Amino acid sequence: MKLNKAALGSSGILAVLALSACGLQTAPATSATQTPTPSDSYIKQTLRSCGVVSSKYATLGDKDRTVTLQGQPKSSTRGMTMKEIGCVLTGVDTPDSVISRMDGTRALDGMQNASWKGYEASWTFHPDNGVRIILTESK
101 MKLNKAALGS SGILAVLALS ACGLQTAPAT SATQTPTPSD SYIKQTLRSC GVVSSKYATL
161 GDKDRTVTLQ GQPKSSTRGM TMKEIGCVLT GVDTPDSVIS RMDGTRALDG MQNASWKGYE
221 ASWTFHPDNG VRIILTESK
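Residues 101 to 239 (my numbering) are what the sequence shown spells out, left to right.
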């Protein structure tokens with residue numbers, strides 16, 4: 101899938117993840133007065149930390165334990181930027197191996213899947229539609 105590499109330069113999503121990790125805490129902070137509730141899932145906290153919790157391209161479901169991320173298609177500005185998607189993936193500690201698989205997905209590969217500590221992801225890519233990632237907390 102070359103995740104809009106024209107906009108990112110030649111290093112793709114891996115560079116975006118490296119850059120976005122610089123400003124993202126590994127665990128979204130909650131103050132002593134802010135008690136997490138069932139609606140304060142880690143995914144929702146991560147979306148909030150990345151500034152995309154209210155984006156129409158980051159759709160929460162399953163009591164905020166699942167998010168569907170819609171990336172920008174080639175030559176379009178509708179959808180999440182690779183920087184925003186990179187921030188979310190970094191926030192949920194997506195392994196480099198999964199990022200590499202996402203970055204290498206082509207349209208003809210269809211839906212791909214991976215799981216890691218506490219999360220499951222499915223994704224697909226088409227240049228006309230962009231990347232679509234479904235991320236679910238499995239803890």
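Cβ atoms here follow ideal geometry from the backbone N, Cα and C, with glycine treated the same way.
All values derive from a computational prediction rather than experimental measurement.
Residue i burial status per 10 Å Cβ neighbour count (16 or more: buried)
i	result
S149	buried
S141	buried
V231	buried
M202	buried
K144	buried
S238	exposed
Residue i: first and last residue of the uninterrupted alpha helix (DSSP H) it sits in
i	result
Q145	Y142 to S149
Beta-carbon proximity of residue i to residue j, cut-off 7 angstroms
i	j	result
Q170	G179	yes
N229	S222	no
V188	Y219	no
T168	T159	yes
K174	P227	yes
T190	T236	no
T194	M211	no
Closest residue to residue i among the options (Cα-Cα distance)
i	options	result
T177	G191, T194 and Y157	Y157
E184	S175, G218 and L147	L147
S215	P227, T205 and I234	I234
K217	L208, R206, V198 and A207	V198
Reduced DSSP category for residue i - H, G, I as helix; E, B as strand; rest coil
i	result
V192	coil
V167	strand
S155	coil
S175	coil
G186	helix
T133	Any reading at T133 must be qualified, since the residue scores a pLDDT of 35, below 50, and its modelled position is unreliable; the value itself is stated next. T133: coil per DSSP, three-state reduction.
Run of the beta strand (DSSP E) containing residue i, from where it starts to where it stops
i	result
N213	Q212 to W216
R232	G230 to E237
A221	Y219 to H226
Neighbour flag for residue i against chain B, beta carbons, 7 angstroms
i	result
K217	Protein chain content of the structure displayed is limited to a single chain, and chain B is not contained in it.
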